[in-house]
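Chemist: Protein sequences appear in the order of chains Z and D. Position 199 of the first sequence, counting from 1, maps to 199 under this note's numbering, and the rest follow consecutively. Position in the second sequence (from 1) plus 210 gives the number in this note's numbering. The beta-carbon is built from N, C-alpha and C at its ideal position, and this holds for glycine as well. None of the values given here were measured: they were computed from a predicted structure.
Protein chains: 2
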Amino acid sequence: MKLYDYKAAPSPRRVRIFMAEKGIEVETVQVDLMTGEHLKPEFHVRNPRRVVPVLELDDGTCIDEGVAICRYFEAIQPEPPLMGTDPKNQALVESWVRHADFDGFLAVADALRNSSPAFSTRALPGADEPIPAIPALAERGQASITRYFNRLEQRLAQVPFLAGDTFSLADISALCVVDFAKWVKRNVPEAHSHTLRWYEQVSSRPSAAA
Amino acid sequence: MKLYDYKAAPSPRRVRIFMAEKGIEVETVQVDLMTGEHLKPEFHVRNPRRVVPVLELDDGTCIDEGVAICRYFEAIQPEPPLMGTDPKNQALVESWVRHADFDGFLAVADALRNSSPAFSTRALPGADEPIPAIPALAERGQASITRYFNRLEQRLAQVPFLAGDTFSLADISALCVVDFAKWVKRNVPEAHSHTLRWYEQVSSRPSAAA
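1. Measuring only the C-alpha atoms, how far is phenylalanine 437 of chain D from threonine 121 of chain Z?
2. Are any of the Cβ atoms in chain D nearer than 7 Å to that of valine 159 of chain Z?
3. Going by the CB atoms, is the gap between valine 318 of chain D and valine 398 of chain D shorter than 7 Å?
4. What's the C-alpha gap between glycine 164 of chain Z and isoleucine 279 of chain D?
5. Run down chain Z in chain order and give the residues with a C-beta less than 8 Å from the C-beta of proline 258 of chain D.
6. Within this structure, are the beta carbons of proline 222 of chain D and proline 263 of chain D separated by less than 7 Å?
7. Measuring alpha carbon to alpha carbon, tell me which residue in D/Val388, D/Arg260, D/Ile227 and D/Ala321 is nearest glutamate 247 of chain D.
8. Which first and last residues belong to the beta strand (DSSP E) in which isoleucine 63 of chain Z is found?
9. At a Cβ threshold of 7 Å, is leucine 137 of chain Z touching chain D?
10. Please look up how many angstroms separate the CB atoms of glycine 84 of chain Z and arginine 14 of chain Z, rounded, as I've assumed it's under 8 Å.
11. Report the neighbours of isoleucine 341 of chain D on chain Z: residues whose CB is nearer than 7 Å to its CB, in chain order.
12. Does the stretch 153-169 of chain Z come into contact with the stretch 196-210 of chain Z, if we say contact requires no fewer than three beta-carbon pairs (one atom in each stretch) closer than 8 Å?
13. Kindly provide the ranges of any alpha helix (DSSP H) runs that are 4 or more residues long and lie completely inside the stretch 309-373 of chain D, ordered along the chain.
14. How should glutamine 90 of chain Z be labelled, buried or exposed, when 16 other C-beta atoms within 10 angstroms of its C-beta is the threshold for buried?
15. I think glutamate 266 of chain D touches methionine 229 of chain D, with their Cβ atoms under 8 Å apart; what is that distance to the nearest whole Å?
16. Take isoleucine 382 of chain D as the anchor and find which of D/Leu292, D/Glu237 and D/Thr245 has the nearest alpha-carbon.
17. Is the beta carbon of proline 297 of chain D closer than 7 Å to that of isoleucine 17 of chain Z?
18. Which residue marks the beginning of the beta strand (DSSP E) containing tyrosine 409 of chain D, and which one marks its end?
19. Closer than 8 Å is the cut-off here; do at least three beta carbon pairs connect the stretch 134-147 of chain Z with the stretch 101-117 of chain Z?
20. With a Cβ-Cβ cutoff of 7 Å, do alanine 170 of chain Z and tryptophan 96 of chain Z count as a contact?
21. Give me the Cβ distance between valine 241 of chain D and tyrosine 214 of chain D, rounded to the nearest whole Å; I'm assuming they're in contact under 8 Å.
22. Rounding to the nearest angstrom, what Cα-Cα distance links threonine 356 of chain D and arginine 205 of chain Z in this structure?
23. Cα separation between valine 29 of chain Z and proline 10 of chain Z?
24. By the criterion of Cβ-Cβ separation under 8 Å, what are the contact partners of valine 277 of chain D in chain C?
25. Suppose the cutoff is 6 Å on Cβ atoms and the five residues either side in sequence are ignored; what does the same chain contact list for leucine 156 of chain Z look like?
26. Can you tell me whether valine 412 of chain D is buried or exposed? The criterion is at least 16 other CB atoms within 10 Å of its CB, across all chains shown.
27. Looking at C-alpha atoms only, which residue of D/His254, D/Tyr216 and D/Phe359 is the closest neighbour of arginine 151 of chain Z?
28. Do the CB positions of alanine 346 of chain D and isoleucine 134 of chain Z come within less than 7 Å of each other?
29. Measuring straight from C-alpha to C-alpha, what distance separates isoleucine 273 of chain D and leucine 302 of chain D?
30. Measure the C-alpha to C-alpha separation of glutamate 117 of chain Z and phenylalanine 167 of chain Z and round it to an integer number of angstroms.
31. Roughly how many angstroms lie between the CA atoms of phenylalanine 315 of chain D and valine 387 of chain D, to the nearest whole one?
32. Between Z/Leu39, Z/Glu25, Z/Thr35 and Z/Ile24, which has its C-alpha nearest glutamate 129 of chain Z's C-alpha?
33. Output, in sequence order along the chain, the residues in the stretch 242-258 of chain D whose CB is closer than 9 Å to any CB in chain Z.
34. Residues of the stretch 71-87 of chain Z with a CB closer than 7 Å to any CB of chain D: list them in chain order, please.
35. If you measure between the beta carbons of tyrosine 148 of chain Z and aspartate 179 of chain Z, is that distance less than 7 Å?
36. Work out the CA separation of proline 251 of chain D and glycine 270 of chain D for me, nearest whole Å.
Right, dumping it as structure tokens:
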């Protein structure tokens, strides 16, 4: 089993934290996104979408999408459970993971990739043709980040962790979004005391350094 | 248990098909998106993101996000399995569900909501403030639909169903995307014989009418 990873990127970080929480170690291959290694044919055959992370199983099957890789690890090593402890909790983890992805991750990616010169023709990750930036989408992304931060605060005023009483992939996902948002100069507002309490707690777990 | 649904919308359709495949029936409440019922306070308390579907459990917990609702049903009624049969298959279902969402659903939504006069200030679903359309994003969405269709064809040339040998939520998700794409005048290209074979098969299941 091999994990195709890139240490500086936010998407594979979610998987690395998940693995650290479970104590899972696998061989890791760094795919240097800065020099375009993800666009080369040898990576393309492993993931036609040309993004990391990818988990290659011993039978050659390649699993892309970080949450799908987490799902695999959750199934082969259920303890500690990070994707839900009962049907309701499983559903809430899934829901809050998707909030992180659709409302958080994509918003930050839109804000970053449509404003930074480094991505001027690579506004979508992994695309096999030039995708020009859309400056208005960077603005929309910034506004979506505000809404996402507001939702986090509303939720974390009610419960200790996003899916309820226990730490889960939902928290790992949101932690990665909050840190990714710093790339576009956004921090959790100082008035968001519940989110800041949660952030302090989840980012001080040893796994956060993974 | 109550499902907040809107018969004409693509997102709740995925849940309805999933339920039909499992033979699950619950009380359903139609939330009329055309008259803005999803923006009213009584729906807002159930889902601050103001989109359908939402599943309200008997204890009052509201689960939003269609895939999270499916996850709940999969846990309380595992047969027939629609979210994977073993760890590898579970991961592949998760991966292909996410392809449908990120590469398919969002692409069609971008193409639709940034081009249709009906959405001129509602370019993101459920937003609590006007979100103006970005015409260039409609174009980007159309190009992303092309890439998604190409990926479906590549995959379905290799396997009968998206996650492998058995029908799953991955197929239900992609079916909903393919039908949603018709809203922006996109059909699976005639040359995509593998996708058309698959589409004929999945859309002729009785559940597709749900």
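Modeler: To lay it out plainly:
1. In the structure as shown, chain D starts at 211 and stops at 420, and residue 437 of chain D therefore has no counterpart that could be examined.
2. So, not an interface residue.
3. If you check the CB distance, valine 398 of chain D and valine 318 of chain D do not come in under 7 Å.
4. One Cα belongs to glycine 164 of chain Z, the other to isoleucine 279 of chain D, and the distance between them is close to 17 Å.
5. Simply Arg151 and Gln154.
6. Going by C-beta atoms, proline 222 of chain D is nearer than 7 Å to proline 263 of chain D.
7. Looking only at D/Val388, D/Arg260, D/Ile227 and D/Ala321, the smallest Cα-Cα distance to glutamate 247 of chain D is reached by D/Arg260.
8. First-last of the beta strand (DSSP E) with isoleucine 63 of chain Z: 62-64.
9. It does; some Cβ of chain D falls within 7 Å.
10. About 16 Å; that fails the 8 Å criterion.
11. Within chain Z, the residues near isoleucine 341 of chain D are Arg140.
12. Taking 8 Å as the limit for Cβ pairs, the verdict is that the stretch 196-210 of chain Z does touch the stretch 153-169 of chain Z.
13. Those alpha helix (DSSP H) runs which fall completely within the stretch 309-373 of chain D and span 4+ residues are 316-323 and 345-366.
14. Around the beta-carbon of glutamine 90 of chain Z, 16 or more other beta-carbon atoms lie within 10 Å, marking it buried.
15. Glutamate 266 of chain D to methionine 229 of chain D, Cβ: 15 Å. No contact.
16. That would be D/Leu292, whose Cα lies nearest to the Cα of isoleucine 382 of chain D.
17. Result no, Cβ atoms of isoleucine 17 of chain Z and proline 297 of chain D do not sit closer than 7 Å.
18. Taken as a continuous stretch (DSSP letters only), tyrosine 409 of chain D belongs to no beta strand (DSSP E), being part of the alpha helix (DSSP H) at 403-413.
19. The stretch 134-147 of chain Z, when compared against the stretch 101-117 of chain Z, does touch it at the 8 Å Cβ threshold.
20. Closer than 7 Å, so yes.
21. Right, the Cβ-Cβ distance comes to about 5 Å (below 8 Å), so this counts as a contact.
22. One C-alpha to the other measures close to 42 Å.
23. Inter-residue distance for valine 29 of chain Z and proline 10 of chain Z is about 16 Å (C-alpha atoms, whole angstroms).
24. Within the model displayed, chain C is absent; protein chains Z and D are what it includes.
25. For leucine 156 of chain Z, where only same-chain residues beyond five positions count, the Cβ hits under 6 Å are His194, Thr195 and Trp198.
26. Flag for valine 412 of chain D reads buried.
27. With distances taken between Cα atoms, arginine 151 of chain Z lies closest to D/His254.
28. Result yes, Cβ atoms of alanine 346 of chain D and isoleucine 134 of chain Z sit closer than 7 Å.
29. So the two alpha carbons sit approximately 24 Å from each other.
30. Sequence check: residue 117 of chain Z is proline here, not glutamate. Going from the Cα of proline 117 of chain Z to the Cα of phenylalanine 167 of chain Z covers about 37 Å.
31. One alpha carbon belongs to phenylalanine 315 of chain D, the other to valine 387 of chain D, and they sit about 6 Å apart.
32. It is Z/Leu39.
33. Using a CB distance below 9 Å, the part of the stretch 242-258 of chain D facing chain Z consists of Pro258, ordered along the chain.
34. Residues passing the 7 Å Cβ filter: Arg71, Tyr72, Ala75, Ile76 and Pro87.
35. Their beta carbons are not under 7 Å apart, which means tyrosine 148 of chain Z does not touch aspartate 179 of chain Z by this criterion.
36. A straight line joining the alpha-carbon of glycine 270 of chain D with that of proline 251 of chain D spans about 16 Å.
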